[in-house]
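Protein chains: 2
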Amino acid sequence: MSLKHILLGILQQPHSGYDVKKTFDHVFSNFWAAHLSQIYPQLKRLTDQGLLTVQDAESSKGPNKKVYQTTAKGQRELVDWLAHGPVTNTEKLAYLAQTFFLGALESHADRIQFMEQLLLHMQHWHQTLCAIQDQVKAEYPNYPHGLPDEEFYPNLTLMLGVKKVGAKVAWVQESLALLQERQ
Amino acid sequence: MSLKHILLGILQQPHSGYDVKKTFDHVFSNFWAAHLSQIYPQLKRLTDQGLLTVQDAESSKGPNKKVYQTTAKGQRELVDWLAHGPVTNTEKLAYLAQTFFLGALESHADRIQFMEQLLLHMQHWHQTLCAIQDQVKAEYPNYPHGLPDEEFYPNLTLMLGVKKVGAKVAWVQESLALLQERQ
DNA sequence: CAGCCCATGTAACGCGTTACATGATTAG
DNA sequence: CTAATCATGTAACGCGTTACATGGGCTG
Numbered sequence: 006m007s008l009k010h011i012l013l014g015i016l017q018q019p020h021s022g023y024d025v026k027k028t029f030d031h032v033f034s035n036f037w038a039a040h041l042s043q044i045y046p047q048l049k050r051l052t053d054q055g056l057l058t059v060q061d062a063e064s065s066k067g068p069n070k071k072v073y074q075t076t077a078k079g080q081r082e083l084v085d086w087l088a089h090g091p092v093t094n095t096e097k098l099a100y101l102a103q104t105f106f107l108g109a110l111e112s113h114a115d116r117i118q119f120m121e122q123l124l125l126h127m128q129h130w131h132q133t134l135c136a137i138q139d140q141v142k143a144e145y146p147n148y149p150h151g152l153p154d155e156e157f158y159p160n161l162t163l164m165l166g167v168k169k170v171g172a173k174v175a176w177v178q179e180s181l182a183l184l185q186e187r188q
Numbered sequence: 006m007s008l009k010h011i012l013l014g015i016l017q018q019p020h021s022g023y024d025v026k027k028t029f030d031h032v033f034s035n036f037w038a039a040h041l042s043q044i045y046p047q048l049k050r051l052t053d054q055g056l057l058t059v060q061d062a063e064s065s066k067g068p069n070k071k072v073y074q075t076t077a078k079g080q081r082e083l084v085d086w087l088a089h090g091p092v093t094n095t096e097k098l099a100y101l102a103q104t105f106f107l108g109a110l111e112s113h114a115d116r117i118q119f120m121e122q123l124l125l126h127m128q129h130w131h132q133t134l135c136a137i138q139d140q141v142k143a144e145y146p147n148y149p150h151g152l153p154d155e156e157f158y159p160n161l162t163l164m165l166g167v168k169k170v171g172a173k174v175a176w177v178q179e180s181l182a183l184l185q186e187r188q
């Protein structure tokens, strides 16, 4: 039941469903993904439950928008979620499951190739996150202490992203070296 | 569609549904969780599709078991999954979403408490993984080079687990220090 | 005028979670 | 005898993915 709470969090500021999707892609892609086909029905359900308000609005480009915003009741739900303590053990890493069974591939070259693909992916991801962090650093010279609240907590997730993906890059490189030794 | 492939991977060796669940809890808990109520129907479906075989067997303790094993067709499906390249961007970290919105908690003490709970969780998880790794190291003096294939690939997932959770512990500690500075 | 971005949805199907339901054996 | 472990499932409901469906406006 986290999509609900993430929407309540994002919609503390007013946004359309389409904008919410962009927020997922740009800001949350590090740890959560959602499709438009999930977001639209969920927004309607939360509005029916009195956790969001809707308002029609004109768009600068394209058709009219529906702008949603979290209500006081929705805000209470969000705070309850946070106050209930960290929700853990949500992780599902398909590529690690694949790594576990990598021995099922007949050829050594195929296993190496798998890891090389993984390396490219992780390096790309790491560079993306580092670039975003560099931007934030450039904007706030006293980083991370000088960040205002509305940037500080989001930035914590960025800091974990960089560390975590860095660890993954190092791991793939180490794994590749071990694999190549094995022949 | 990964549960299917993980089952095909586990059932390269014969196991009952109940045993498969224990494998998830002990070996996969690092990166994948599954409930018995998912596993049982899925095993039936995969058997109907000719990807698994079933056989009745007696149990040493308790009622009779149904022992499943991957067929040649199932093995081909597993290999296809691996050959298709790493499946990435599956991650959903609810506690990071919570961290993102931590500013919604009114009191500073509540935010500190959230991070302290997260620290305890991550430290516990890290110790568990390190203990397992120490066991493997003790068993194979030439670790990790001397591992046989059936241990080598699973051990790669353990190595990432240790690195990744280590990065998370360091991050929570750093975040706590930053939070305490902010007052 | 073709292709992309803006904008909102529905439908089908499979995965994930919690609760319910049953019953045997074993360790304390 | 009580609690834990062994063993297998069903039901209800919500989440996640892919495909389908529509149509306006902007850029090259």
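Protein chains in written order, with our numbering: chain A, 6 to 188; chain B, 6 to 188.
Glycine residues also receive a C-beta, built at the ideal position from the N, C-alpha and C atoms.
Based on Cα-Cα distance, which residue from the options lies nearest to residue i?
| i | options | result |
| --- | --- | --- |
| residue 116(A) | 109(B), 110(B), 85(B) | 85(B) |
| residue 161(B) | 17(A), 21(A), 188(A), 183(A) | 183(A) |
| residue 93(B) | 145(A), 138(A), 124(A) | 124(A) |
| residue 173(A) | 176(B), 173(B), 174(B), 169(B) | 169(B) |
| residue 6(B) | 51(B), 34(B), 17(B), 157(B) | 51(B) |
| residue 17(B) | 61(A), 58(A), 187(A), 110(A) | 110(A) |
| residue 163(B) | 177(A), 114(A), 186(A) | 177(A) |
Taking the straight line between their C-alpha atoms, what separation do you get for residue i and residue j?
| i | j | result |
| --- | --- | --- |
| residue 74(A) | residue 154(B) | 54 Å |
| residue 37(B) | residue 72(B) | 22 Å |
| residue 11(B) | residue 79(B) | 11 Å |
| residue 42(A) | residue 26(A) | 10 Å |
| residue 24(B) | residue 140(B) | 22 Å |
| residue 8(B) | residue 15(B) | 10 Å |
| residue 88(A) | residue 63(A) | 37 Å |
| residue 30(A) | residue 152(B) | 40 Å |
| residue 136(B) | residue 56(A) | 45 Å |
| residue 95(B) | residue 122(A) | 16 Å |
| residue 156(B) | residue 77(B) | 22 Å |
| residue 59(B) | residue 34(B) | 26 Å |
| residue 185(A) | residue 171(A) | 21 Å |
| residue 81(B) | residue 188(B) | 58 Å |
| residue 132(A) | residue 114(A) | 27 Å |
| residue 4(A) | residue 54(B) | Any question about residue 4(A) goes unanswered here, given that chain A covers just 6 to 188. |
| residue 13(B) | residue 175(B) | 36 Å |
| residue 138(B) | residue 61(A) | 57 Å |
Can you round the beta-carbon distance between residue i and residue j to whole angstroms, since I take them to be within the 8 Å contact cut?
| i | j | result |
| --- | --- | --- |
| residue 90(B) | residue 106(A) | With a Cβ gap of about 14 Å, residue 90(B) and residue 106(A) do not count as contacting. |
| residue 40(A) | residue 28(A) | The pair is not a contact, with the Cβ atoms about 14 Å apart (cut-off 8 Å). |
| residue 166(A) | residue 134(A) | 5 Å |
| residue 159(A) | residue 32(A) | 7 Å |
| residue 97(B) | residue 97(A) | 7 Å |
Could you check if residue i is buried or exposed, using at least 16 other CB atoms within 10 Å of its CB as the buried criterion?
| i | result |
| --- | --- |
| residue 180(A) | buried |
| residue 22(A) | buried |
| residue 149(A) | buried |
Would you check if the region 124 to 136 of chain A and the region 66 to 77 of chain B touch, i.e. whether three or more CB-CB distances between them fall below 8 Å?
-> Taking 8 Å as the limit for Cβ pairs, the verdict is that the region 124 to 136 of chain A does not touch the region 66 to 77 of chain B.
Are at least three pairs of beta-carbons, each pair with one atom in the region 100 to 107 of chain A and one in the region 44 to 60 of chain A, less than 8 Å apart?
-> The answer is no - the region 44 to 60 of chain A does not touch the region 100 to 107 of chain A, with fewer than three Cβ pairs under 8 Å.
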